[in-house]
Amino acid sequence: MDVKESIFQQILVLSHKQEERRKQRHDRFLDEINRLAPDCAPCKNLSLTELHVIQCIGLGGDANVTAISQKIGVTKSAVSKITAKLLTKGLITRYQLHGNQKEVYFRLSRQGEAVFSIHEQQHQNISSEWKAFLGRYTAEELAFLHRLLQDALELADQKQRDE
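Rendered as structure tokens:
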């Protein structure tokens with residue numbers, strides 16, 4: 502097997518392992534929500550994308566559909582559907598700025614803030630793990646990895662636009 506094929510196979514294995522780990526972390530997150538906020542019925546079946554929208558809103562700033570779409574990399578249509586679900590679940594509220602009745606913005610409700618807090622802790626743990634892992638590489642290796650990932654993300658974006 503040549504090097505390119507070997508790398509491709511490793512990427513496939515890593516992708517599958519990451520998907521499994523993501524599912525496990527998501528299940529643990531929902532368990533943690535149930536433990537810390539047992540009275541929060543809408544919190545019990547949150548999708549990963551709903552969590553990322555909550556995170557985006559919770560990180561501050563005026564969060565509208567366009568801003569959320571750009572930050573998490575999904576379509577505005579998808580964000581509109583997700584925010585509608587989160588509004589129904591009572592995890593976010595909507596508001597408009599004075600002087601601009603056209604744009605709709607979102608903020609977290611009290612229950613949404615609880616979800617955000619737990620989710621942020623989980624993200625901080627993951628970030629710490631990755632920073633520790635990346636600490637074993639030189640600056641040159643990290644620069645190459647950064648370039649490789651940027652190129653891979655650009656390719657993924659291009660493929661998504663082409664479909």
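One point on numbering: in our numbering, the residue at position 145 of the sequence shown is 646, and numbering is uninterrupted.
Using N, Cα and C, we set each Cβ at its ideal position, and we do this for glycine too.
Owing to the predicted nature of the structure, the values given are computational and were not obtained by experimental measurement.
Pair within 8 Å by beta-carbon distance, residue i and residue j
i: P543; j: L609; result: no
i: N565; j: Y606; result: yes
Boundaries of the alpha helix (DSSP H) in which residue i is found, first to last residue
i: L592; result: Looking at the DSSP string, L592 is not in any alpha helix (DSSP H), and its letter there is neither H nor E.
i: L513; result: V504 to L537
i: A644; result: A640 to D663
i: C557; result: L549 to G559
i: A568; result: V566 to I573
Candidates the options: closest to residue i by CA position
i: R611; options: T594, L598 and Q525; result: T594
i: C541; options: V554, N601, L656 and G613; result: G613
i: I627; options: V514, R526 and Y638; result: R526
i: D528; options: S578, L643 and L547; result: L547
i: E621; options: E520, F530 and Q661; result: F530
i: D658; options: A579, E641 and V575; result: V575
i: V580; options: A538, R523 and L549; result: L549
i: T599; options: E506, A653, Q623 and D563; result: The question names Thr, but residue 599 is His in the sequence shown. Checked all of E506, A653, Q623 and D563; the closest Cα to H599 is D563.
i: P539; options: D503, D663 and V616; result: V616
i: E533; options: Q623, T639, R662 and R637; result: Q623
Limits of the beta strand (DSSP E) - the one that residue i falls within
i: V442; result: Absent from the model: residue 442. The displayed extent of the chain is 502 to 664, so no value can be given.
query = Taking one C-beta from the stretch 641 to 652 and one from the stretch 566 to 579 each time, how about it: are there three or more such pairs within less than 8 Å?
reply = No: fewer than three Cβ pairs fall under 8 Å.
inquiry  = Pairs of beta-carbons, one from the stretch 577 to 587 and one from the stretch 549 to 564, closer than 8 Å: are there three or more?
reply    = Short answer: they touch.
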